[in-house]
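Participant:
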Amino acid sequence: MSLQLSEPIGVLAEGDISFLKIVCSDIRFEIGEILIIKPPTGKKMYMFRIMNYENILRNIQDLSAIAANFLKNREAYIARVESEKLVKVHGLLMGYSELDADSNKWIFKKPRSLPPHFSAVHRGADCPEALELLLEKEIGQDLEIGKLLIGTKTLDLPIKIDIESLPMHVQVAGTTGAGKSFFMLTFITSALKNNIVRFIKQEEMKKRVSVFMIDVHDEYMRGLRHEDKRYGLIDIADATIKAGNEVYDSIFADKFYLTRDLSGVSKEMQKYAQPIRIRREDLSVSDITSVMTVTDQMLGYMSMKAVTNEDWVTAIEKESEAEVTSFVKGTISAVKRRLYPITRSSIFTENKYSDLAEIVYNIERGCFYNFSTALLSSTEQFIVITMLARTLLSIRQSLLSSTKWSQFKDQVYQRLPKTIASELLGDNPSSKFSLKELYTADKDGSDYRMKTIDKLPVIMLTIEEAPSILGSQMSKEGNVFIDISRQGRKFNIGMLLITQNISSMEHIILANTNTELNLMLGNEIEIRQAIINASNNIAGYEHEFKVLSRGEAIFTNSLRNIPLPVKVSNVPLYIENELPFFTNPYQKLNVKKAREKTKAPIL
Amino acid sequence: MQVFFDETIENEFARVYKRFKKFELESDEAYQDDLDYLKRNLVVFEPLPTKCQHENFNVTAIDGSGADSLVMLNDIAIHLLTAGFAADKTCFEDGTTEQLNTRPPICTHPEGLMRLIILREDKSKEVWEEFLSFIKYNYNEELETVVLRVLRDFVYHKYVPKFPNDTFPDIKSSIDLHKAAIKAGFKLHKSDIFDFSEWMVSPRAAAVQGWFEQFREVVEYSLAHSLLNSDTKFKYIFLDGSLNMLLSPGQEQPRLASNYLLRDLCKKSLNKETCIVAVSKTTTFPFVYRIAQDLEKELGGEKKWFVRIPSKQRKEPTLKMLENRPHIPPYYGVTYLYHFSSEVPILRIDLDYEWYMKNIFSENTKIQKAKELELFQEIDWLSRDVRYFGYFFDLAFAHNSTVVSFAERDVVAEQLINYFAEQGENPKMFIHPRRRLGLM
């Protein structure tokens, strides 16, 4: 595949296997630009990323001496001022692409050889088509998050996260206003679009992504504003309804907007909204210990109560200090204080009704939820997400260790509180959300054979202000997020961690993250941490972090060879452009809508 | 050497310094007289502003370099010759210049040319034949043709004032020239002017660097010739060096082949209204450092001035310091001293005599001074690039583009040896015997 390169603008001067210097006549450089180095012979095309550059003049070593000369000799000038001005560009050798003869595609490889002496250098931004071909295998293929950024120019080259990377967790870091929310909404829009495409094309569930999204500022439903445009999930949902019930059902839970109560929800959102209610019985002690610090005494007391009471929270709430003698005085009061956010919350109810099974069921069939936590305390928010994560992990663990439905049931009963287990297993007569149809493949005698996990959608749990529960102070004992971070890949459960503060995150979590999107960061410490933690080597990117503007990020992924600079989509515009797809996906995909199956007449 | 670090050397320093002061003292009287002359005749001038309204023009400069005896094998020497040029258009209004996109056909690369020659220097006839073909190849004319043309011109200038009513004879051969020369009283060194090989080489040709220098001059003049013949019209062509000619005492005819090329170049430049400016940085002009110091004391270090050196050939008084330097000013040249500032050594500027007579000289001293002033203001402006403040930037650029560093010389030599090895020669034979014996 031949490449159309622009006019060369420089010549390779010196360098080693990671760092190059190039002398260029074109002085309009920007940090972060990508240059293409074309050796005089051979089939490798090298790529070089500008990290820094300096002004130089041809025929001169010491610019300071020149400046001093100017100062002293006012009548001096620079002959050939335009052609003598050069820049010496310093930067990283990203690697090279080589044309694969079989696939006729350019395959990117990490640098293992140097471009030869005085190779010609071309500007990537001047030949975006060539750059696209060279980086084809690096830019990803599933969920669009933005476009390739070259300096301050954004190329029309979408950068995507691959679904297979999601269970290895994604970390998004950036200071306030850096573009985290824009990223989140772009990500979810892209995920919803992906799910519709897979649904319509009847592809495997493993290519679909269920997202349980936390909406701290209650902004994703209505959307984020940019200039005069504002589009959000409500617009996508409205558009999808027009595409028909089956399309809507394939990506959204019936009521996908979860909130504490409906009184604060606007009329147009009411149709998607549901007040989230969780039985106290569904909670386990580890849900509490995962999000708050407790003493051994308190843990012992809670565990003891949980063994004897299904609704152990209420039991503790009602217990008086005087009745318990086996624990140090004050333990019960302290536990009660810890449980206040639950006992005082309208979410965690004493009655028998719970939305948990429905949420789990819908997530397991590839649906999206938006959990508005604007009116919730952070503890309430964290307990809900912890409990949901634990429940999902438990059932997928059970699935992994079962081949038959009966085995699976046993496993679930062992791992989950009884009521929620029976609902999910269809043993409760009032349960409408049995996992049986989702989890079983076919009948095997009187039993059912289980599906394997890779036949289920990838689950993404977003965790906002991640250091609050995944910080270095977090309890590591029985913490479900530690388990997910280590084993999420096995169970196809990923976390999308959003933080302003990478340096405060728990190292185990960071070490298990394979995709990072680092937006504008607050200070040197965060930049250093981002560089240390990145899944690609981004040493030397310090300068670039310092010049990142809003919405600009460095995207790293351990399955890719190179870090990519990304301009996160202008989300209102992105959604606006995608709405016609959501309204009419069959037409956009050029797929004929299958007719409703009619039952064959009995002859 | 240990002796460098003990006091023996200091005694030597003292002895040398004493001699140095003696030189100054001995020549002091003559020097003071000359200094008075120079003071009376020098012109202090105000430079052009950096940005000004002035008619723009093109300018170029040529410099040569190379590597003498790149490799040696007994009596066989391989020399590397290079010449580079820089060409610019002034942009007075912007206070800068613009590089001209000129590439004369002789160039082997955008900034100049490179040649390799192989000589058996003890075989003078063979070397001479090589030299002639080298001139033909690079200068694009037979040396004979050039010599005949230049001599014809010399004779013409003698003939016409003597016989103003005669038509100058049509000179087609050396016999025609010989006849006309006798009539005009122009003494030719040889009656058969084309029997070159006996005399038209440098007396130093057989010495180390002798041939190398002469070939190098051919390369430089050839590049200048090619630039002059290009489509670009240059107002100034700067050459590195002087317009010195080698003349035997009492003769008017230059000796060296390269002198003829230089004369030819000057003549062609005159016809093209181009001024050849030869610039010497390290001049053999005696006591020029003293002149600078004394005049700076009087005028101030930052004053710019120039002064023309009187010429014996033009019946002007000879500076006493120059009594033993008949080549200053050169026989067919006019020499100026040009002071830029105290930071920069005084430069010796040689112009072609004929160009000078046509473009500067005037019976009216005021007019002549005005023309000189314009010339020096322009060339002063061309020496104000911040990188080479006080020197002509195009000469500096040309120098940079052509100079062969020791490292580059070694690389080329190595490549050359490798090439020979690839052809089946033993590379060891090129390694200097001293190096092979471990003595360097």
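Chains as they are written, first to last, in our numbering: chain A, 1 to 603; chain B, 604 to 1043. For each residue, glycine too, the CB sits at the ideal point set by N, CA and C. Keep in mind that this is a model prediction, so the values were computed, not measured.
State yes or no: is the beta carbon of Ile60(A) nearer than 8 Å to at least one beta carbon in chain B?
Facilitator: Yes, its Cβ sits closer than 8 Å to a Cβ of chain B.
Participant: Could you give the distance in angstroms between the alpha-carbon of Val606(B) and the alpha-carbon of Glu613(B)?
Facilitator: Using only the alpha carbons, I get a separation of about 10 Å.
Participant: Around the Cβ of Gln411(A), are there at least 16 other Cβ atoms within 10 angstroms (buried) or fewer (exposed)?
Facilitator: Flag for Gln411(A) reads buried.
Participant: Within the same chain, show all residues whose beta-carbon is closer than 6 Å to that of Pro417(A), passing over the 5 residues directly before and after it, in chain order.
Facilitator: Result list for Pro417(A): Glu281 and Asp282, in chain order.
Participant: Are the CB atoms of Gly366(A) and Ser190(A) nearer to each other than 8 Å?
Facilitator: Cβ distance not < 8 Å, so Gly366(A) and Ser190(A) don't count as in contact.
Participant: For the region 959 to 992 of chain B, which residues have a CB atom closer than 7 Å to at least one CB atom of chain A, in sequence order?
Facilitator: Correct list: Arg987, Asp988, Val989, Arg990 and Phe992.
Participant: Over what stretch of residues does the beta strand (DSSP E) that includes Phe19(A) continue unbroken?
Facilitator: Phe19 to Cys24 is the span of the beta strand (DSSP E), which, as asked, contains Phe19(A).
Participant: Are the C-beta of Gln817(B) and some C-beta of chain A separated by less than 8 Å?
Facilitator: Judged by the 8 Å Cβ criterion, Gln817(B) is not in contact with chain A.
Participant: I'd like to know if Pro8(A) contacts chain B, where contact means its C-beta is closer than 8 Å to some C-beta of that chain.
Facilitator: For Pro8(A), the answer is no, since every Cβ of chain B falls outside 8 Å of its Cβ.
Participant: Under the rule that 16 or more other beta-carbon atoms within 10 Å means buried, what is Val811(B), buried or exposed?
Facilitator: Here the model assigns Val811(B) a pLDDT of 49, short of 50, so the residue's position is not dependable, and the following value carries that caveat. With fewer than 16 other Cβ atoms within 10 Å, it is exposed.
Participant: Measuring alpha carbon to alpha carbon, tell me which of Pro572(A), Pro585(A) and Thr583(A) ends up nearest Glu227(A).
Facilitator: Of Pro572(A), Pro585(A) and Thr583(A), the residue nearest in Cα terms is Pro572(A).
Participant: Give me whichever residues DSSP pairs with Gln274(A) in a beta bridge.
Facilitator: In DSSP, Gln274(A) forms a bridge with Leu258(A).
Participant: In chain order, what are the residue ranges of uninterrupted alpha helix (DSSP H) at least 4 long that sit wholly in the region 561 to 600 of chain A?
Facilitator: Entirely contained in the region 561 to 600 of chain A, the alpha helix (DSSP H) runs reaching 4 residues are, in chain order, 571 to 583 and 585 to 589.
Participant: Please classify Thr289(A): does DSSP put it in a helix, a strand, or coil?
Facilitator: In the structure shown, Thr289(A) sits in a helix (DSSP, three-state: H, G or I).
Participant: Between the Cα of Gln604(A) and the Cα atoms of Ile241(A), Thr176(A) and Ile234(A), which residue gives the shortest distance?
Facilitator: The structure shown does not extend to residue 604(A), since chain A is modelled only from 1 to 603, so the question has no answer here.
Participant: Hey, Ile493(A) and Arg396(A): beta-carbon distance below 8 Å or not?
Facilitator: Yes, the Cβ-Cβ distance between Ile493(A) and Arg396(A) is below 8 Å.
Participant: Would you call Glu437(A) buried or exposed, if buried means 16 or more other Cβ atoms sit within 10 Å of its Cβ?
Facilitator: Result: exposed.
Participant: Strictly below 8 Å CB to CB, what residues from chain B border Leu57(A)?
Facilitator: The contacting residues are Arg990.
Participant: CA-CA distance, Asn570(A) and Asn55(A)?
Facilitator: For Asn570(A) and Asn55(A), the distance between alpha carbons rounds to 34 Å.
Participant: Does the separation of the CB atoms of Met450(A) and Lys409(A) fall below 8 Å?
Facilitator: It is not a contact, given that the beta carbons lie outside the stated cut-off.
Participant: Should Leu940(B) go down as buried or exposed, given a rule of 16 or more other Cβ atoms within 10 Å for buried?
Facilitator: With 16 or more other Cβ atoms within 10 Å, it is buried.
Participant: Do the CB positions of Ile575(A) and Gly244(A) come within less than 8 Å of each other?
Facilitator: Taking 8 Å as the Cβ cut-off, Ile575(A) and Gly244(A) do not qualify as a contacting pair.
Participant: Which residue's Cα is closest to the Cα of Arg560(A): Thr515(A), Val265(A), Tyr586(A) and Phe348(A)?
Facilitator: That would be Thr515(A), whose Cα lies nearest to the Cα of Arg560(A).
Participant: How far does the beta strand (DSSP E) with Tyr620(B) in it reach, from first residue to last?
Facilitator: Looking at the DSSP string, Tyr620(B) is not in any beta strand (DSSP E); the run it does join, the alpha helix (DSSP H), is Glu610 to Glu629.
Participant: Quick one: using the 10 Å Cβ neighbour count with 16 as the cut-off for buried, is Val749(B) buried or exposed?
Facilitator: Counting Cβ neighbours within 10 Å, Val749(B) comes out buried, since at least 16 surround it.
Participant: Which one of Gln4(A), Thr259(A), Met205(A) and Lys147(A) has the shortest CA to CA distance from Ser377(A)?
Facilitator: Ser377(A) has its Cα closest to that of Thr259(A), out of Gln4(A), Thr259(A), Met205(A) and Lys147(A).
Participant: Using alpha carbons as the reference points, say which of Ile22(A), Glu7(A) and Asn577(A) lies closest to Ala13(A).
Facilitator: The candidate whose alpha carbon is nearest that of Ala13(A) is Ile22(A).
Participant: Going by other Cβ atoms of all chains shown within 10 Å of its Cβ, with 16 needed for buried, is Glu629(B) buried or exposed?
Facilitator: Classification of Glu629(B): exposed, given that the 10 Å Cβ count is below 16.
Participant: Under a CB-based cut-off of 8 Å, is Val81(A) close to chain B?
Facilitator: It does: the Cβ of Val81(A) has a partner Cβ on chain B nearer than 8 Å.
Participant: Is Asp100(A) helix, strand or coil when you go by DSSP?
Facilitator: Residue state, collapsed to three classes: strand.
Participant: Would you say the region 148 to 158 of chain A touches the region 480 to 496 of chain A, given that touching needs at least three Cβ pairs under 8 Å?
Facilitator: Touching, no, given that fewer than three Cβ pairs across the two stretches are closer than 8 Å.
Participant: Could you tell me the boundaries of the beta strand (DSSP E) in which Leu842(B) lies?
Facilitator: From DSSP, the beta strand (DSSP E) with Leu842(B) extends over Tyr839 to Asp843.
Participant: Flag Asn584(A) as yes if its beta-carbon sits less than 8 Å from any beta-carbon of chain B, otherwise no.
Facilitator: For Asn584(A), the answer is no, since every Cβ of chain B falls outside 8 Å of its Cβ.
Participant: Taking the beta carbon of Asp604(A) as the centre, do at least 16 other beta carbons fall within 10 Å, making it buried, or is it exposed?
Facilitator: The structure shown does not extend to residue 604(A), since chain A is modelled only from 1 to 603, so the question has no answer here.
Participant: Alpha helix (DSSP H) containing Tyr231(A): first to last residue?
Facilitator: Looking at the DSSP string, Tyr231(A) is not in any alpha helix (DSSP H); the run it does join, the beta strand (DSSP E), is Lys229 to Tyr231.
Participant: What separation, rounded to the nearest whole angstrom, lies between the Cα atoms of Ile188(A) and Met460(A)?
Facilitator: Their backbone Cα atoms lie some 10 Å apart in a straight line.
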